[in-house]
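Sequential numbering from 359 applies to the sequence shown in my numbering.
Backbone N, C-alpha and C define an ideal beta-carbon position, used for all residues, glycine too.
Because the structure is a prediction, the values reported are computed rather than measured.
Notes follow once the structure below has been shown.
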Amino acid sequence: MKYTTQENPDNILIIRMIERDLFTHQPECFEKEILALIKIAEGRLVFNFSQLNSFDSNLLRVLTSALKESLKYPCGDIKLVGLNSIMRHILHLSHLDCVFCHYESEADAVTAFQSPAISEILHRHSIDN
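Okay, structure coming up:
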């Protein structure tokens with residue numbers, strides 16, 4: 359899996375996926391890498407999928423596992439950016455559209471870490487209970 363990372367001054371890590379068609383043939387390796395990045399960023403990650411055409415169920419499993427790990431940190435969360443209509447449809451079909459918050463830009467996702475909306479807080483509370 360090809361991706362780049364960029365850490366911002368608030369210790370939020372942006373992961374930019376750079377393969378056009380992301381089908382995870384070695385999801386365990388990718389998951390280990392992401393879990394290590396979660397520790398570095400204290401659970402605050404933004405995944406940018408704007409360079410991708412689609413993704414598969416392995417990636418959804420890795421994202422779900424990563425979210426579970428991220429939420430162990432006080433301000434931990436995973437935000438998604440650059441989802442096209444196919445990706446949004448996949449999230450909807452898998453009922454993960456109500457678990458992951460997605461944004462139009464990296465800046466919007468980073469800002470959401472700094473001032474979470476009341477709806478996001480209520481949403482997280484309803485998932486935890």
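Nearest-angstrom Cα separation, counted from residue 439 out to residue 461: Distance between the alpha carbons of residue 461 and residue 439: 5 angstroms.
Beta-bridge partners of residue 371, as assigned by DSSP: Answer is 365, 403.
Residue interval of the beta strand (DSSP E) (run including residue 387): Taken as a continuous stretch (DSSP letters only), residue 387 belongs to no beta strand (DSSP E), being part of the alpha helix (DSSP H) at 385–398.
Exposure of residue 415, with buried meaning 16 or more beta-carbon neighbours within 10 Å: With fewer than 16 other Cβ atoms within 10 Å, it is exposed.
Member of 464, 432, 436, 417 whose CA lies at the smallest distance from the CA of residue 425: Of all alpha-carbon atoms in 464, 432, 436, 417, the one lying nearest the alpha-carbon of residue 425 is that of 436.
Burial state of residue 456, where buried means 16 or more other Cβ atoms lie within 10 Å: Residue 456 counts as exposed, since fewer than 16 other C-beta atoms from the protein chains shown sit within 10 angstroms of its C-beta.
Alpha-carbon spacing of residue 406 relative to residue 385, whole angstroms: Put simply, the backbone Cα of residue 406 is about 18 angstroms away from that of residue 385.
Alpha-carbon to alpha-carbon, residue 410 and residue 476: Because the pLDDT at residue 476 is just 47, under 50, the model does not fix this residue reliably, and the value given afterwards should be weighed accordingly. Rounded to the nearest angstrom, the two C-alpha atoms are 30 angstroms apart.
N-terminal and C-terminal residue of the alpha helix (DSSP H) that residue 466 is part of: Counting along the chain, the unbroken alpha helix (DSSP H) around residue 466 starts and ends at 464–472.
Status (buried if at least 16 other CB within 10 Å, exposed otherwise) for residue 448: By the neighbour-count rule (16 or more Cβ atoms within 10 Å), residue 448 is buried.
DSSP beta-bridge partners of residue 417: Beta-bridge partners of residue 417 (DSSP): none assigned.
Assigned secondary structure, residue 476 (DSSP; H/G/I helix, E/B strand, else coil): In this prediction, residue 476 scores a pLDDT of 47, lower than 50, which makes its location untrustworthy; the coordinate-derived value is nonetheless stated afterwards. Residue 476: helix per DSSP, three-state reduction.
Pairwise C-alpha distance: residue 441 and residue 452: CA-to-CA, the gap between residue 452 and residue 441 works out to about 15 angstroms.
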